[in-house]
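**Q** Got a structure here, written out as structure tokens. Questions coming.
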Amino acid sequence: MDGPKVNTFWGRIIAEELTEAGIETAILAPGSRSTPLTVAFAAHPEIEAVSQLDERSAAFFALGYAKRTGRPAPLVCTSGTALANFHPAVVEADNARVPMVLLTADRPPELADSGANQTIDQEKFYGDAVRQYQKLPEPEAADRKLRSLRTTLSRAVGTAGGQNPGPVHLDVPFRKPLEPNADPNETPPGVPDGRLPDDFGTPARPATEGRDGPYVSTMRGRATLPERDRQAIVAAVNAADSGLIVCGPSDRPAPERTALSALARASGFPVVADPLSGHRFGPHVNDISVCGGYDGYLSAIETTPDVVVRFGASPTSKPLRNYLAEAGGRQFLVDPAGGWREATFTATDLVVADETRLASALASALDREAGPYAARLAEAESIYWEHIEGKEPAEGAVLADVARLAPDPATLFVSNSMPIRDLDRFGKPRAVALTVLGNRGASGIDGITSTALGAGYGTTDPLVLVTGDLAYYHDMNGLLAVARAGVDATIVCLNNDGGGIFHLLPIEDHDSFGEWFRTPHGLDFAPSADLYDLAFARTDNRGEFRDLYRESLGGEGTRVIEVMTDSQRNHDERRELEETAVLNSGL
Ligand SMILES: Cc1ncc(C[n+]2csc(CCOP(=O)(O)OP(=O)(O)O)c2C)c(N)n1
Ligand SMILES: [Mg+2]
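Residue numbers for the sequence shown follow our numbering, beginning at 749 and rising by one.
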């Protein structure tokens, strides 16, 4: 077999079949073994290829892009430890149900376990974290192999974006020589007769002649409940004195907003919206009762709901999770993939159904008034916001201002650990198109900057990232994507000199707390902005922060705004406010 020709050809078919399956962007990390893939993706006229130097950042960037767009951006890397660096993002994509397609180049099979350079066991490398693993056959211009290749690729995209979206891993062995042909349109011997090159020079696909799209199309239904089961939910809702709709994290609002509004109106149930649910912000907050401050006041609510309808992943807020655990009534956990995302194990019914269809169907079967429980929550919500305004602790104030002053539309990425919790507590519902994303699948503080910049790459919205100092440090490499992918962002780094979150834990009182848990580092981050040619500003003042934030959003380029806070003081103020919100506000 003519080596270079067949490798080049194989790479081109992979790139072309992926575009037919709807792929528009690929993320390429440099290396030799992946040469046929890199050359094919870089040259394909319908693919925007982004070159990323560090595979860990590359994979988080692809994760962010897929979170924002719903479409995977295939990741290409060489053999060896390169693919191990994809692993943290694969774990997050698995847990958070984000489509991802991994193409890891590999050595030919005879070099397995041979001591050959940069050769590791890549078989099923990510274990059960992927929805599908396949080792591709060695490149060959044989008809059946080409059909198999195209089938695998189109299925991979379908599986990655399926009912239970997630990563798909294709291991792609290549034998040297790896470099492209002098004439890229040349096809290797063995390509079946009559397959003339199409627009991009790759042989047309026999089974799809006269039909556009991928070699194999995936058609997928949306799960709906049988009438009897739907009636059972309707009966439970009708029998309830008090009820609640809980929307947990989901990269796309689920149910869709109109269906959620219809359900809220028809059931009379208020909506509790996690900041990552897609329902905390949006025009619907003017039409239905959307609660956002619950993290700060739920402990003061005397009654619990008889019926809860839960959408999305487990909520970020611990007070909310505790409140639901205490509720004890009937709790419907809606999950179209049939998973279980409720770790207090107090849900009583798993409803495997499409959220939007279910919400619409329930709405058309219900016609209830909002009762005293809904009125109580609405009252608490308004008292809470009135009470805390202007009293937020320094870090909470940043999250309150970031959400309140964000332009319409905007995409906001919030880091673990305190930023997401503070947005949950201090981010007031607003009728603007603010898309909020975070990495809550596995809640790592790695890859935050890269995921945010990937999300920014997938949207024309202005992008805001709020990150902690350790998370910022962890993914400084990710800042290179500002230049390499041409993404602008306003990056707010809350610098409390270590992990402020640990103040929330009992370890706070132990001698080891500072050195081994909070881990103050004393780093000056200004040179990190210099290194990547970003604007940089530092402040410890709320008014000044607001000015810097507005200025950055109104201007061009990327700016890092470092907000200096005292983690101990911030924590004390947060705790104090928590107590006074409940005791002194009339709640
Ligand atoms: C990759 C990874 N390593 C360690 C942790 C454990 N961890 C959770 S929060 C945290 C500290 C985060 O500090 P920072 O980003 O400054 O945020 P802050 O807590 O100050 O808000 C650590 C180390 C984690 N979640 N992910
Ligand atoms: Mg910190």
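Each residue gets a CB set at the ideal place from its N, CA and C atoms; glycine is no exception.
If I measure Cβ to Cβ from S1333 and keep anything under 6 Å in the same chain, skipping five residues before and after, which residues do I get?
**A** So the qualifying residues of the chain are I1131, H1135.
**Q** Just curious, the alpha helix (DSSP H) that G1216 is in, first and last residue?
**A** Note, G1216: premise wrong, no alpha helix (DSSP H); beta strand (DSSP E) at 1211–1216.
**Q** Which whole runs of the alpha helix (DSSP H) in the region 956–996 are 4 residues long or more, in chain order?
**A** Listed in chain order, they are 975–987.
**Q** Taking the C-alpha atoms as reference points, what is the distance between S1198 and G812?
**A** Distance between the alpha carbons of S1198 and G812: 7 Å.
**Q** Given 7 Å as the limit, tell me if L1218 has its C-beta closer than that to any heavy atom belonging to ligand 2.
**A** Yes, the beta carbon of L1218 sits closer than 7 Å to at least one heavy atom of ligand 2.
**Q** Taking the C-alpha atoms as reference points, what is the distance between R1347 and L823?
**A** The first residue shown for the chain is 749 and the last is 1335, placing residue 1347 beyond what the model contains.
**Q** Let me check you understand the geometry: is the CB of G1144 closer than 7 Å to at least one non-hydrogen atom of ligand 2?
**A** Checking the Cβ of G1144 against ligand 2 gives no.
**Q** Skipping 5 residues on each side, what residues in its chain have a beta carbon closer than 6 Å to that of L1211?
**A** The answer, listed in chain order, is T1159, G1204, A1237.
**Q** Which residue comes first and which comes last in the beta strand (DSSP E) that contains E796?
**A** Element bounds for E796: 796–799.
**Q** So, using beta-carbon positions, are Y1221 and L1279 closer together than 8 Å?
**A** Not a contact, by the Cβ cut-off of 8 Å.
**Q** How big is the Cα-Cα spacing for P1003 and L1072?
**A** Cα-Cα distance, rounded: 20 Å.
**Q** Specify the secondary structure class of T1183 as computed by DSSP and reduced to three states.
**A** In the structure shown, T1183 sits in a strand (DSSP, three-state: E or B).
**Q** Rounded to whole angstroms, what is the Cα-Cα separation between I1036 and A1012?
**A** Answer to the nearest angstrom: the Cα atoms are 7 Å apart.
**Q** What does the alpha-carbon distance come out to for the pair G1026 and R1178?
**A** Taking the straight line joining both Cα atoms gives about 12 Å.
**Q** When DSSP labels each residue in this structure, what does Y1280 get in the three-state scheme?
**A** Three-state result, Y1280: coil.
**Q** Quick check: does the Cβ of I1239 come within less than 7 Å of any heavy atom belonging to ligand 1?
**A** Answer for I1239: no, Cβ out of range of ligand 1.
**Q** Return the first residue and the last residue of the beta strand (DSSP E) that E1310 is part of.
**A** Taken as a continuous stretch (DSSP letters only), the beta strand (DSSP E) holding E1310 covers 1307–1312.
**Q** Rounded to the nearest angstrom, how far is the Cβ of G1007 from that of T1104, given a contact under 8 Å?
**A** Note that residue 1007 is Ala in the sequence shown, not Gly. At roughly 4 Å, the Cβ-Cβ gap stays under 8 Å, so A1007 and T1104 are in contact.
**Q** Note down the Cα distance separating E794 from E1304, rounded to an integer number of angstroms.
**A** Going from the Cα of E794 to the Cα of E1304 covers about 28 Å.
**Q** Quick one: what does DSSP say Y881 is sitting in, helix, strand or coil?
**A** Y881 falls in the strand class under three-state DSSP.
**Q** Tell me the rounded alpha-carbon separation between E888 and A1014.
**A** So the alpha carbons of these two residues sit roughly 60 Å apart.
**Q** Could you give the first and the last residue of the continuous alpha helix (DSSP H) run that contains F1174?
**A** From DSSP, the alpha helix (DSSP H) with F1174 extends over 1166–1174.
**Q** Indicate the three-state DSSP secondary structure (helix, strand or coil) for P887 in the structure shown.
**A** Here P887 sits in coil by DSSP.
**Q** Per DSSP, M848 is paired with what?
**A** Answer by DSSP bridge pairing, in chain order: P915.
**Q** At the level of alpha carbons, what is the spacing between V1057 and C825?
**A** In a straight line, the C-alpha of V1057 is about 43 Å away from that of C825.
**Q** Out of A763, S780, G828, N833, state which residue places its alpha-carbon closest to the alpha-carbon of A797.
**A** Out of A763, S780, G828, N833, A763 has the C-alpha closest to the C-alpha of A797.
**Q** Measuring alpha carbon to alpha carbon, tell me which of L992, A791, R1298, D1223 ends up nearest D931.
**A** That would be A791, whose Cα lies nearest to the Cα of D931.
**Q** In the DSSP output, which residue or residues are listed as bridge partners for A1101?
**A** Paired residues: none, contrary to the question.
**Q** Report the residue from G1041, A1148, S1062 whose alpha carbon sits nearest the alpha carbon of E1326.
**A** Selected option, being the one with the closest Cα: G1041.
**Q** With distances taken Cα to Cα, identify the nearest neighbour of D1156 among D1209, S1108, A830.
**A** Ranking D1209, S1108, A830 by Cα distance to D1156 puts D1209 first.
**Q** Cβ-heavy atom distance between M1166 and ligand 1 below 7 Å?
**A** For ligand 1, at least one heavy atom lies less than 7 Å from the Cβ of M1166.
**Q** Between S1065 and D1172, which are expected to be in contact by the criterion C-beta below 8 Å, what is the C-beta distance as a whole number of angstroms?
**A** Going by Cβ atoms, the distance from S1065 to D1172 rounds to 5 Å, so yes, they are a contact pair.
**Q** Does the distance between the C-beta of G1247 and the nearest non-hydrogen atom of ligand 2 fall short of 7 Å?
**A** Yes.
**Q** Taking the alpha-carbon positions, what's the G1302 to M1312 distance?
**A** Spanning the two alpha carbons is a distance of roughly 23 Å.
**Q** I want to check one thing, is the minimum distance from the CB of N1318 to the heavy atoms of ligand 2 below 7 Å?
**A** Checking the Cβ of N1318 against ligand 2 gives no.
**Q** With which residues is N1243 paired in a DSSP beta bridge?
**A** DSSP output for N1243 lists M1312 as bridge partner(s).
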